[in-house]
Amino acid sequence: MTYIVNDNCIACKYTDCVEVCPVDCFYEGENMLVIHPDECIDCGVCEPECPADAIRPDTEPDMEKWVEFNRKYSEMWPVIITKKDPLPTADDMDGKEGKIELFSEAAGEGG
Numbered sequence: 076m077t078y079i080v081n082d083n084c085i086a087c088k089y090t091d092c093v094e095v096c097p098v099d100c101f102y103e104g105e106n107m108l109v110i111h112p113d114e115c116i117d118c119g120v121c122e123p124e125c126p127a128d129a130i131r132p133d134t135e136p137d138m139e140k141w142v143e144f145n146r147k148y149s150e151m152w153p154v155i156i157t158k159k160d161p162l163p164t165a166d167d168m169d170g171k172e173g174k175i176e177l178f179s180e181a182a183g184e185g186g
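Each number in my numbering corresponds to the 1-based position in the sequence shown with 75 added.
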């Protein structure tokens, strides 16, 4: 099992989760985070930290696409281990549907 970040994170990018991760497996894109599925140790401490409910276990239905999505971008983006401010759009975008259309492949700053 591993945890993944889904499209609930897009345009929010809360980073509360990165501070509690014991293995630093979060990676930062321009407008969301992902988890490297091969580095995640399945401890689950990050899941309750996400205000957008974007972190889910891969054992839930239809998660394989998100495992591959997280794998792809975690191999392209820099690691993030420090909490940062959420995106300015976070409050307005939290809970919105259809955010995958807003996804950016661009890397974040990491750190």
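Positions of the beta carbon are idealized from the N, C-alpha and C atoms, including for glycine.
Here the structure is a predicted model, which is why all the values come from computation and not from measurement.
For residue j and residue i, the rounded distance between their alpha carbons
i, j, result
"residue 132", "residue 98", "17 Å"
"residue 154", "residue 81", "17 Å"
"residue 140", "residue 151", "17 Å"
"residue 185", "residue 106", "12 Å"
Per-residue DSSP class, three states only, for residue i
i, result
"residue 86", "coil"
"residue 156", "coil"
"residue 165", "helix"
Bounding residues of the beta strand (DSSP E) (the contiguous stretch that carries residue i)
i, result
"residue 79", "78-80"
heavy atom of the ligand SAH below 7 Å from residue i C-beta
i, result
"residue 181", "Among the components of this structure there are no ligands whatsoever, and the ligand SAH is therefore not found."
Identity of the residue in the options nearest residue i by Cα
i, options, result
"residue 161", "80, 78, 86, 81", "86"
The alpha helix (DSSP H) enclosing residue i, as first and last residue numbers
i, result
"residue 92", "91-95"
Contained alpha helix (DSSP H) runs [length at least 4] in the segment 98-154, N- to C-terminal order: Inside the segment 98-154, DSSP marks whole alpha helix (DSSP H) runs of 4 or more residues at positions 139-149, from first to last along the chain.
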